[in-house]
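Single-structure report; data block below.
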Amino acid sequence: MRKHLSPGLVLLLLFFVAAAALPFFVDPRGHLLRVAAMALLFAAMAQSWNIVGGLANQVSLGHAAFFGLGAYTSTLLFLRFGISPWIGMFAGAALAAFAAALLSFPTFRLKGHYFALATLAFAEVLRVIANSWASVTGGPVGLSIPFLGTKPELFAFRAVSSYYWIILALLVIVCLAFRLLARGAIGYRLRAVRENENAAEVAGVDTFRVKLTASIISAAFTALCGTVFAQFTFFFDPDSIFALSGISVRMAMIAIVGGLGTLGGPIIGALFLIPLEEVANAYLSSAAAGLSQFVFGAILVAAILIQPRGLMAYWPKSKAGRLARKDAKPVTPATPATEGGR
Amino acid sequence: MVQALVDGVLLGGVYGVIATGLSLVFGVLGVVNFAHAEFLMLGMYVAWFAWRYLGLDPLLGSVLSFIIVFGVGYVVQRTLIERVLKAPPAAQVFLTVGLLIAIENAALMVFGSEFRSVSVPYQVEGYRLAGIFISAPYLYAFAAAVILSAALWFFLDRSWTGRAIRAVAQDPMASALVGVDTKRTYGLAFGLGVALTAFGGAVILPYITVSPTIGGQFVVLMFTVVVLGGLGSVAGALVGGIVVGVVQSMSALVFPIQLQNLCLFVIFIAVLALRPQGLIKGA
Amino acid sequence: MATHGAAPILEASGVAVTFGGLKAVDKVSFTLRPGEIVGLIGPNGAGKTTLFNSLVGLQRLTAGEVRLNGEKVSGLKPHRIARKGMTKTFQNAALFPDMSVTENVMTAALLRHDLAGARAKAEQVLERLGLTAIGDADVSDLTFPQKALVEMARALATEPKVLLLDEVMAALTPTEMDDVMAVIRSLRDEGLAFLVVEHHMRAIMALCERLIALNFGQLIAEGSPTDVANHPTVIEAYLGAGAAEAAHA
Numbered sequence: 001m002r003k004h005l006s007p008g009l010v011l012l013l014l015f016f017v018a019a020a021a022l023p024f025f026v027d028p029r030g031h032l033l034r035v036a037a038m039a040l041l042f043a044a045m046a047q048s049w050n051i052v053g054g055l056a057n058q059v060s061l062g063h064a065a066f067f068g069l070g071a072y073t074s075t076l077l078f079l080r081f082g083i084s085p086w087i088g089m090f091a092g093a094a095l096a097a098f099a100a101a102l103l104s105f106p107t108f109r110l111k112g113h114y115f116a117l118a119t120l121a122f123a124e125v126l127r128v129i130a131n132s133w134a135s136v137t138g139g140p141v142g143l144s145i146p147f148l149g150t151k152p153e154l155f156a157f158r159a160v161s162s163y164y165w166i167i168l169a170l171l172v173i174v175c176l177a178f179r180l181l182a183r184g185a186i187g188y189r190l191r192a193v194r195e196n197e198n199a200a201e202v203a204g205v206d207t208f209r210v211k212l213t214a215s216i217i218s219a220a221f222t223a224l225c226g227t228v229f230a231q232f233t234f235f236f237d238p239d240s241i242f243a244l245s246g247i248s249v250r251m252a253m254i255a256i257v258g259g260l261g262t263l264g265g266p267i268i269g270a271l272f273l274i275p276l277e278e279v280a281n282a283y284l285s286s287a288a289a290g291l292s293q294f295v296f297g298a299i300l301v302a303a304i305l306i307q308p309r310g311l312m313a314y315w316p317k318s319k320a321g322r323l324a325r326k327d328a329k330p331v332t333p334a335t336p337a338t339e340g341g342r
Numbered sequence: 001m002v003q004a005l006v007d008g009v010l011l012g013g014v015y016g017v018i019a020t021g022l023s024l025v026f027g028v029l030g031v032v033n034f035a036h037a038e039f040l041m042l043g044m045y046v047a048w049f050a051w052r053y054l055g056l057d058p059l060l061g062s063v064l065s066f067i068i069v070f071g072v073g074y075v076v077q078r079t080l081i082e083r084v085l086k087a088p089p090a091a092q093v094f095l096t097v098g099l100l101i102a103i104e105n106a107a108l109m110v111f112g113s114e115f116r117s118v119s120v121p122y123q124v125e126g127y128r129l130a131g132i133f134i135s136a137p138y139l140y141a142f143a144a145a146v147i148l149s150a151a152l153w154f155f156l157d158r159s160w161t162g163r164a165i166r167a168v169a170q171d172p173m174a175s176a177l178v179g180v181d182t183k184r185t186y187g188l189a190f191g192l193g194v195a196l197t198a199f200g201g202a203v204i205l206p207y208i209t210v211s212p213t214i215g216g217q218f219v220v221l222m223f224t225v226v227v228l229g230g231l232g233s234v235a236g237a238l239v240g241g242i243v244v245g246v247v248q249s250m251s252a253l254v255f256p257i258q259l260q261n262l263c264l265f266v267i268f269i270a271v272l273a274l275r276p277q278g279l280i281k282g283a
Numbered sequence: 001m002a003t004h005g006a007a008p009i010l011e012a013s014g015v016a017v018t019f020g021g022l023k024a025v026d027k028v029s030f031t032l033r034p035g036e037i038v039g040l041i042g043p044n045g046a047g048k049t050t051l052f053n054s055l056v057g058l059q060r061l062t063a064g065e066v067r068l069n070g071e072k073v074s075g076l077k078p079h080r081i082a083r084k085g086m087t088k089t090f091q092n093a094a095l096f097p098d099m100s101v102t103e104n105v106m107t108a109a110l111l112r113h114d115l116a117g118a119r120a121k122a123e124q125v126l127e128r129l130g131l132t133a134i135g136d137a138d139v140s141d142l143t144f145p146q147k148a149l150v151e152m153a154r155a156l157a158t159e160p161k162v163l164l165l166d167e168v169m170a171a172l173t174p175t176e177m178d179d180v181m182a183v184i185r186s187l188r189d190e191g192l193a194f195l196v197v198e199h200h201m202r203a204i205m206a207l208c209e210r211l212i213a214l215n216f217g218q219l220i221a222e223g224s225p226t227d228v229a230n231h232p233t234v235i236e237a238y239l240g241a242g243a244a245e246a247a248h249a
């Protein structure tokens, strides 16, 4: 049926090509490239979140848990045992996947607010553990990765551009995974679960297994992002890596502002929000402490009130756009009399 | 041991009032207000300024906290929350999370990041009763919480507005039909909910310092209390508060201070998983 | 026609569901044979939908047992029961609103097919129900009768042996109703067993070979349509309920 590329997909591919070329046109060690790399990393994180939050509509407020597990696992394996972060990142992903599976058992029946609360508490548990179990995690002071010069086999580079391309590759992989999931059998099942869990069960969908699969994949990708973040920034501590607003909410917010459950949403959201935050930090932080974070919160409130379907809704050809136009129309029930007449 | 029990009950009574506000908001509006603890912070600041510039004891300043935060809450509900009442939970979650971040950082801008505390004459005083030390600020805060709870019960049970709130909680459509202004009632309920929490924040000011991030320390505590008592249950929140207070001060005997919250988290996730409707069923 | 000699495909024995102290379904036993259309009647609140939910696994049984093809299915999750061959439609068309009609049906067809096979199966089912023309429509744009038919198409796409229909004809015009009844009969001739809740007595009488009547969760009568319709307890149940409804109006 839809064998040819849609205009949206062509735009996405063009974006990836342009993004790959960017380091050739800007200072490869400069601040601009760092911001761009961060935006792409957050896009990858938001896309990972989107697998659970967008496709299954399980609103997680605790994805920082998996992000932090990824960062801690690879970094500790490297610092304590000299294991390359390239291997450590998959250990972290495996651990995060395992944690997601464990968390699924007590939470799979929870919906909406309750699920959000439970995931939030889970990330908080990990934050408290990371802070208190200092003999293993290094405690509240956090972990630093010593810089030993460019060592590709140890995931260490002098040039920002190297990290930038790795992050871009990660984003492409997560987007590919998202698209395969969304278009595959599991995508249909996830959307069914999202829209009516009982009806999905009766139509033969193993709702628990579908959600479990999505959470595991989502957690694993989030953990990969965590490792990359740790390698890129050289330093992190429990409060910043397991942060509610800094990580968990931001991941979700990027996906929501861009367009929940859409392929392009997290990328658009990240390209819009991360540079905006960067500018806000640069110009507003000096004005008053907290102002840029205040703006961040205010944008989230505004985004929910103005266009809950996200920026993707302004792309007329997208499904989000069609649905948003439908939202705007007053609902006229098809045959109002019949239901009440029985 | 007994000492910890007494401390726990005294603390827990205040937690009860703090969490009652959250539970009331959920019970009436059906919205889980993630920003709720920020109103606790606002309440504490109002009481602090009342103490600093008006010389009011926080126990009296709490009345001012109640009134001012009620007004703020009413406006927030009518301008923001009202618009997502019928939206899917995700929209409600993120609207209130956005509010949380905005309020916390607005406070940081306005009040600065320093910790502020009050000094009152009874701060380190207390009563000895059969070998148990009853701290005066704990006791007074507990007494204030009990008085406010009684007033709340009286208000919900007897006053017309209170009854309207309960009616809207049960069936908004039917309430609208019999002439209740549901939008106004939602506003009042939200205002009342955050005002209760602000009051709770004000009365603990003699033994807890306030800073813009104080809300973060209460978020999980508050939700644990409410989830224990059953989301939406006002009586359950009061009982849940005392349970959490006791668990907290008992666990302090066994665990180092950083792990105290861990106990709460574990209880929290366990209760959510096993009995999302709450352990304590009540009105 | 019903193969009266065949072993029952569905056996419910002593099925009971209690909510608090209320007995929504009270020790109901009946059987359904392959190729049989049985009507389930009873006044509002008699427990028909609760019985349906307990059969397909949406509602946990307080007591009793449900067997499908001789195998115990009570206690299984709905998707397992669907896999074994029993599913139901929802009274108020619980479709997946953000999906097209074809996608709705495909989701169910994925139970036994891969993606391509599911699409083919969905198109086949839609054609059989005369819904091909609206395959690409969003379900939120459908009329209520269309939704009910898509609901039925989705259930059929799981390729059930037993299908529980909860008021799929509620809003249909007489002609549409005849079309749907023709489809049900032809599926019956292929060996599918139906348990049908319907308020249109005309449809019930025309379609069913046998009726079961529920009131206050209890099975009060069972037999041929005319026998059950003339059964004194059934008449009393309806008249009582009718009188009560008239008093409320």
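Chains as they are written, first to last, in the numbering used here: chain G, 1 to 342; chain S, 1 to 283; chain E, 1 to 249. Even for Gly, the Cβ is constructed at its ideal location relative to N, Cα and C.
Pairs of beta-carbons, one from the segment 31-43 of chain E and one from the segment 199-214 of chain E, closer than 8 angstroms: are there three or more? yes
Just checking, does the segment 90-110 of chain E make contact with the segment 196-215 of chain G on the three C-beta pairs under 8 angstroms criterion? yes
Go through the segment 107-176 of chain S residue by residue and report every complete run of the alpha helix (DSSP H) that reaches 4 residues or more, in order. 136-158 and 160-170
Along the segment 117-133 of chain G, where does the CB come closer than 9 angstroms to a CB of chain S? Name the residues. 117, 118, 120, 121, 122, 124, 125, 128, 129, 131 and 132
Validate contact between the segment 208-226 of chain G and the segment 170-184 of chain G using beta carbons, cut 8 angstroms, 3 pairs: yes
Any chain E beta carbon closer than 8 angstroms to residue 50 of chain G: no
Euclidean distance between Cα positions of residue 292 of chain S and residue 265 of chain S: Here chain S has residues from 1 to 283 only, and residue 292 of chain S is not among them.
Does the segment 292-299 of chain G come into contact with the segment 52-65 of chain G, if we say contact requires no fewer than three beta-carbon pairs (one atom in each stretch) closer than 8 angstroms? no
Chain-ordered residues of the segment 108-138 of chain S with a beta carbon less than 7 angstroms from chain G: 108, 109 and 113
With the cut-off set at 8 angstroms, would you say residue 132 of chain G and residue 235 of chain G are in Cβ contact? no
Alpha carbon to alpha carbon, how far is residue 70 of chain S from residue 273 of chain G? 33 angstroms
Determine the chain G residues that contact residue 94 of chain E at a beta-carbon separation under 8 angstroms, and present them in chain order. 196, 198 and 199
Quick check: the Cα distance between residue 187 of chain E and residue 217 of chain E, rounded to an integer number of angstroms? 29 angstroms
Among S:81, S:58 and S:86, which one has its Cα closest to the Cα of residue 116 of chain S? S:58
Sort G:55, G:110 and G:15 by Cα distance to residue 184 of chain G and report the nearest one. G:55
Taking residue 78 of chain E as the query, report the chain G residues whose CB atoms sit under 7 angstroms from its CB, ordered along the chain. 201 and 202
What are the boundary residues of the alpha helix (DSSP H) that residue 17 of chain G is part of? 7-21
Can you confirm whether residue 177 of chain E, when its beta carbon is compared against all beta carbons of chain G, has any partner nearer than 8 angstroms? no
Residue 15 of chain E CB to nearest chain G CB: under 8 angstroms? no
What in chain S is Cβ-close to residue 8 of chain G, meaning under 7 angstroms? Going along chain S, no residue has its Cβ under 7 angstroms from residue 8 of chain G, so there is no contact; the nearest lies around 23 angstroms.
Across which residues does DSSP place residue 144 of chain G in a beta bridge pair? G:235
If contact is defined by three or more beta carbon pairs under 8 angstroms, each pair taking one atom from either stretch, is the segment 187-199 of chain S in contact with the segment 18-36 of chain S? yes
Looking at chain S, which residues of the segment 142-171 of chain G have a Cβ within less than 7 angstroms of any of its Cβ atoms? none
Could you tell me which residues DSSP pairs with residue 123 of chain E in its beta bridges? In the DSSP output, where bridge partners are listed per residue, residue 123 of chain E has none listed.
Note down, in chain order, all residues in the segment 90-108 of chain S with a beta-carbon under 8 angstroms from any beta-carbon belonging to chain G. 90, 91, 92, 93, 94, 95, 97, 98, 99, 100, 101, 102, 103, 104, 105, 106, 107 and 108
Alpha carbon to alpha carbon, what distance is there between residue 79 of chain S and residue 2 of chain G? Interpretation of residue 2 of chain G is limited by its pLDDT of 48, a score under 50 that renders its predicted location unreliable; no figure is taken from the coordinates.
From residue 113 of chain G to residue 34 of chain S, what distance separates their C-alpha atoms? 9 angstroms
Just the chain S side, please: which residues come within less than 7 angstroms of residue 293 of chain G by C-beta, in chain order? 101 and 105
8 angstroms Cβ cutoff met for residue 57 of chain G and residue 266 of chain G: no
Which residues in chain G sit within 8 angstroms of residue 88 of chain E, going by Cβ to Cβ distance? 202
Does the beta carbon of residue 310 of chain G come closer than 8 angstroms to any beta carbon on chain S? no
Listed from N- to C-terminal order along the chain, which residues in the segment 245-257 of chain G have their beta-carbon within a distance smaller than 8 angstroms of any beta-carbon of chain S? 245, 249, 252, 253 and 256
Could you check whether the Cβ of residue 24 of chain E sits closer than 8 angstroms to any Cβ belonging to chain G? no
For residue 175 of chain E, name the three-state secondary structure that DSSP assigns. helix
Residue of S:225, S:234 and S:253 minimising C-alpha distance to residue 2 of chain S: S:253
Contacts of residue 205 of chain E in chain G (Cβ-Cβ under 8 angstroms): Simply none; closest approach about 18 angstroms.
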